[in-house]
């Protein structure tokens with residue numbers, strides 16, 4: 001089954017404790033992206049990747065890191081989480097930068113930073 | 115600065131009637147628009163899109179209208195069904211090949227009552 005998976009689905013952590021949210025897609029997609037969803041703000045793009053070893057900042061990259069060492073994986077790293085990073089996070093992928101209407105989203109990761 | 119705005123946080127309609135969800139944008143560079151639907155505990159799924167060279171795109175019960183002069187688009191669902199109850203996000207991009215940057219609105223919660 002073609003899908004985007006994220007782990008963990010739920011995470012409660014404390015300020016300053018480094019964490020990684022994994023994202024994996026099995027569709028051989030070139031393009032991957034991370035979003036956060038907050039009440040009243042919709043989805044905001046954090047980082048995106050056009051292909052392996054190619055990443056770029058989205059609208060709200062502060063406090064986040066990403067890497068794209070393999071085509072299928074695009075982990076989101078919070079080196080020192082803070083309470084304002086409490087949010088619902090979505091990973092998405094699409095075949096290429098040309099197919100923006102074919103962005104497939106993962107199920108989401110609910111992160112709480114205390 | 116919210117470049118894509120959905121001014122109605124919620125909308126309630128009766129089954130069988132028309133649902134109209136609205137979206138306004140401010141960035142005149144946007145020329146490709148999409149609607150996504152999101153159920154609780156799931157990621158958004160692509161619904162329908164429209165290019166700025168068109169003013170209407172139809173797919174079954176779903177029709178998107180674009181008014182470029184007013185920088186306004188709307189999604190019509192006819193007839194509405196209880197299974198359409200979800201959060202609907204409007205999104206915009208500057209160019210069909212600019213798959214890297216999608217700007218989302220805040221979302222509208224649609225409730226279709228049986």
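Protein chains in written order, with my numbering: chain A, 1 to 114; chain B, 115 to 228.
We put the CB at the ideal spot given by N, CA and C, even for glycine.
Here the structure is a predicted model, which means the values were calculated and not measured.
The beta strand (DSSP E) spanning residue i covers which residue range?
i                      : result
residue 216 of chain B : Premise fails: residue 216 of chain B is in no beta strand (DSSP E) and is neither H nor E.
residue 146 of chain B : 146-152
residue 176 of chain B : 176-181
residue 87 of chain A  : 87-94
residue 128 of chain B : 124-128
residue 70 of chain A  : Taken as a continuous stretch (DSSP letters only), residue 70 of chain A belongs to no beta strand (DSSP E), as it is neither H nor E.
residue 57 of chain A  : 54-57
residue 14 of chain A  : Segment: none, residue 14 of chain A is in no beta strand (DSSP E) and carries neither H nor E.
residue 173 of chain B : 170-173
residue 4 of chain A   : 4-7
residue 140 of chain B : No beta strand (DSSP E) contains residue 140 of chain B, which DSSP labels as neither H nor E.
residue 24 of chain A  : 19-25
residue 51 of chain A  : 42-51
residue 132 of chain B : Premise fails: residue 132 of chain B is in no beta strand (DSSP E) and is neither H nor E.
Buried or exposed: which applies to residue i, given that a residue is buried once 16 or more other Cβ atoms fall within 10 Å of its Cβ?
i                      : result
residue 143 of chain B : exposed
residue 155 of chain B : exposed
residue 108 of chain A : buried
residue 42 of chain A  : buried
residue 25 of chain A  : buried
residue 54 of chain A  : exposed
residue 153 of chain B : exposed
residue 114 of chain A : exposed
residue 201 of chain B : buried
residue 128 of chain B : exposed
If residue i sits next to residue j, beta carbons under 8 Å apart, how far is it from one beta carbon to the other, in whole angstroms?
i                      : j                      : result
residue 47 of chain A  : residue 31 of chain A  : So it is not a contact: roughly 12 Å between Cβ atoms.
residue 4 of chain A   : residue 89 of chain A  : In fact, because the Cβ distance is near 12 Å, the residues do not count as touching under 8 Å.
residue 151 of chain B : residue 138 of chain B : Not confirmed; about 19 Å, so no contact.
residue 132 of chain B : residue 188 of chain B : No, residue 132 of chain B and residue 188 of chain B are not in contact; Cβ-Cβ is about 11 Å, not under 8 Å.
residue 50 of chain A  : residue 93 of chain A  : Incorrect: roughly 12 Å between the Cβ atoms, too far for contact.
residue 80 of chain A  : residue 16 of chain A  : 5 Å
For the region 21-43 of chain A, which residues have a CB atom closer than 7 Å to at least one CB atom of chain B, in sequence order?
Within the region 21-43 of chain A, the residues whose Cβ lies closer than 7 Å to some Cβ of chain B are 31, 40, 41, 42 and 43, listed in chain order.
Chain-ordered residues of the region 118-133 of chain B with a beta carbon less than 7 Å from chain A
Of all residues in the region 118-133 of chain B, none comes within less than 7 Å of chain A when Cβ atoms are compared.
Jot down the residue ranges of each uninterrupted beta strand (DSSP E) in the region 186-213 of chain B, minimum 3 residues, whole runs only, in chain order.
186-191 and 200-207, all fully within the region 186-213 of chain B.
Give, in chain order, every residue of the region 140-166 of chain B whose Cβ lies closer than 9 Å to some Cβ of chain A.
Contacts with chain A (Cβ-Cβ distance below 9 Å) from the region 140-166 of chain B involve 146, 148, 150, 152, 155, 156, 157, 158, 159, 160, 162 and 163, listed in chain order.
Where the region 178-194 of chain B meets chain A: residues whose CB sits under 7 Å from a CB there:
Those residues of the region 178-194 of chain B that come within reach of chain A (Cβ to Cβ, closer than 7 Å) do not exist; the list is empty.
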